[in-house]
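Trainee: I'd like to ask you about the structure that follows.
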Amino acid sequence: MLNERVSEINSLLSEMGGLVEDAIVKAIRTMAEKDPTDADQIIEDLEPRINELEKRIDEECLITLARYQPVAHDLRRVVAVLKIDKDLERMGDHCENIARRAKEIIKEPLLKPLIDLPRMAETAQEITKEALDSFFKEDTHLARQAIEKDVLVDQLQEQIIRELMSYVLADPRNINKALDLIFTSKDLERISDLATNIAEETFFLVEGSDIRHMGPKDQRKNESL
31 MLNERVSEIN SLLSEMGGLV EDAIVKAIRT MAEKDPTDAD QIIEDLEPRI
81 NELEKRIDEE CLITLARYQP VAHDLRRVVA VLKIDKDLER MGDHCENIAR
131 RAKEIIKEPL LKPLIDLPRM AETAQEITKE ALDSFFKEDT HLARQAIEKD
181 VLVDQLQEQI IRELMSYVLA DPRNINKALD LIFTSKDLER ISDLATNIAE
231 ETFFLVEGSD IRHMGPKDQR KNESL
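Start counting the sequence shown at 31; every next residue gets the next number (this note's numbering).
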């Protein structure tokens, strides 16, 4: 039955999302605790499992489309899932980037205490959870909440870059350490952006509307229609 297949697809997507959320937390914890254990788990276990789930979800979705030929809401759900699992897979790639970089960063003293990077990671994880919850609950208000939090991630990244550049200006020998942290912030910023893509799929599922590339005012207007 179509409902059973949709339920199975949702279950797989939820599992994949949980692995990504776990990877976000563990990627930064590697640097904060100066322990490569979490990074190794991301590289050797979590990221490969995320990749395998993407393949399985794609297969389940394609079989569902071919066998049941869903329409309207059911069709939008399957199409949305095919896009969401791509976003989650890319988020896993960014977590792996952070993990591999973190293993090198912790070999030497940190350039500065980690304050804003953990805040970025925590917010990105929150956005991911809220975006996925909004999709499963078909809740556009929760999706809007997730999308609006992305601004905080952008602000934290800008603050991190400004602070790190001050360290480089004070001593150019700090450039490599600063770049490692800047690239890490960029990975977190991309994770947050991809999570907002997931939230946008909630609008597509519920309303059949595409809010990508809309400004905040246009998005709110669309939500109120």
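By construction, the Cβ of each residue, glycine as well, lies at the ideal position given by its N, Cα and C atoms.
1) Indicate whether GLY47 and THR158 have their beta-carbon atoms separated by less than 8 Å.
2) At which residues does the alpha helix (DSSP H) containing LYS113 begin and terminate?
3) So, ILE228 versus CYS125, is the Cβ gap smaller than 8 Å?
4) Decide if GLN155 is buried, meaning its Cβ has at least 16 other Cβ atoms within 10 Å, or exposed.
5) Alpha carbon to alpha carbon, how far is ILE212 from ILE191? Give it in angstroms, no decimals.
6) Taking only the alpha-carbon atoms, compute the straight-line gap between LYS247 and ARG174 and give it to the nearest angstrom.
7) With three or more beta-carbon pairs closer than 8 Å as the criterion, would you say the stretch 115-135 touches the stretch 221-240?
8) Quick test of the definition: if touching needs 3 or more C-beta pairs under 8 Å, does the stretch 98-105 touch the stretch 54-70?
9) ASP163 by DSSP, collapsed to three states: which one?
10) Report buried or exposed for THR232, applying the criterion of at least 16 other Cβ atoms within 10 angstroms of its Cβ.
11) Do the stretch 176-188 and the stretch 134-142 touch if we need at least three Cβ pairs shorter than 8 Å?
12) Residue ranges of each beta strand (DSSP E) run of no fewer than 3 residues wholly in the stretch 33-102, ordered along the chain?
13) Nearest CA to the CA of GLU82: which residue from ARG97, ASP123, PRO66?
14) On the DSSP letters alone, give me the boundaries of the alpha helix (DSSP H) that ASN227 sits inside.
15) For ILE73 versus ALA129, is the C-beta spacing smaller than 8 Å?
16) On the CB-based measure, 16 or more other CB atoms within 10 Å of its CB, does THR214 come out buried or exposed?
17) For a test of the three-state rule: what should DSSP assign to LYS251, helix, strand or coil?
18) Sort VAL36, ASN204, ASN127, LYS56 by Cα distance to ASP217 and report the nearest one.
19) Would you mind sorting VAL111 into buried or exposed? The rule is 16 or more other CB atoms within 10 Å of its CB.
20) Within 10 angstroms of the Cβ of ASP75, are there 16 or more other Cβ atoms? Answer buried if so, exposed if not.
Mentor: Looking at the coordinates:
1) As a first step, residue 47 is located in the sequence shown; it is residue number 17 there, counting from the start. As a first step, residue 158 is located in the sequence shown; it is residue number 128 there, counting from the start. Yes, the pair counts as a contact, with Cβ atoms nearer than the cut-off.
2) As a first step, residue 113 is located in the sequence shown; it is residue number 83 there, counting from the start. Note, LYS113: alpha helix (DSSP H), 102-135.
3) On the sequence shown, position 198 is the one that residue 228 refers to. On the sequence shown, position 95 is the one that residue 125 refers to. In this structure, CYS125 does not lie closer than 8 Å to ILE228 by Cβ.
4) Numbered from its first residue, the sequence shown carries residue 155 at position 125. When all chains shown are included, GLN155 counts as buried.
5) Numbered from 1 along the sequence shown, position 161 holds the residue referred to as residue 191. Numbered from 1 along the sequence shown, position 182 holds the residue referred to as residue 212. Cα to Cα, ILE191 sits roughly 6 Å from ILE212.
6) Here residue 247 is taken as the residue at index 217 of the sequence shown, counted from 1. Here residue 174 is taken as the residue at index 144 of the sequence shown, counted from 1. No answer about LYS247 holds up, because its pLDDT of 45 lies below 50 and its placement is not dependable.
7) In short, these stretches touch, since the Cβ pair count reaches three.
8) no
9) Within the sequence shown, the letter at position 133 stands for residue 163. Of the three classes helix, strand and coil, the one that applies to ASP163 here is helix, per DSSP.
10) Numbered from its first residue, the sequence shown carries residue 232 at position 202. Its Cβ being crowded by 16 or more others within 10 Å, THR232 is buried.
11) no
12) Those beta strand (DSSP E) runs which fall completely within the stretch 33-102 and span 3+ residues do not exist here.
13) As a working note, residue 82 is residue 52 in the sequence shown. Closest option to GLU82, Cα to Cα, is ASP123.
14) As a working note, residue 227 is residue 197 in the sequence shown. For ASN227, the uninterrupted alpha helix (DSSP H) segment begins and ends at 205-237.
15) Taking the first residue of the sequence shown as 1, we reach residue 73 at position 43. Taking the first residue of the sequence shown as 1, we reach residue 129 at position 99. Against a cut-off of 8 Å, the Cβ pair of ALA129 and ILE73 comes out as a contact.
16) Residue 214 sits at position 184 when you count from the first residue of the sequence shown. Buried, by the Cβ-count rule.
17) Here residue 251 refers to the residue found at position 221 of the sequence shown. Reliability fails at LYS251, whose pLDDT of 49 lies under 50, so the model's placement of it is uncertain and the value that follows must be treated cautiously. Correct three-state label for LYS251: helix.
18) Taking the sequence shown and counting its residues from 1, one reaches residue 217 at position 187. Nearest option by C-alpha distance: ASN127.
19) The sequence position of residue 111 within the sequence shown is 81, counting from 1. By the neighbour-count rule (16 or more Cβ atoms within 10 Å), VAL111 is buried.
20) On the sequence shown, residue 75 is found 45 positions in, with the first residue counted as 1. The residue is exposed, with fewer than 16 neighbouring Cβ atoms inside 10 Å.
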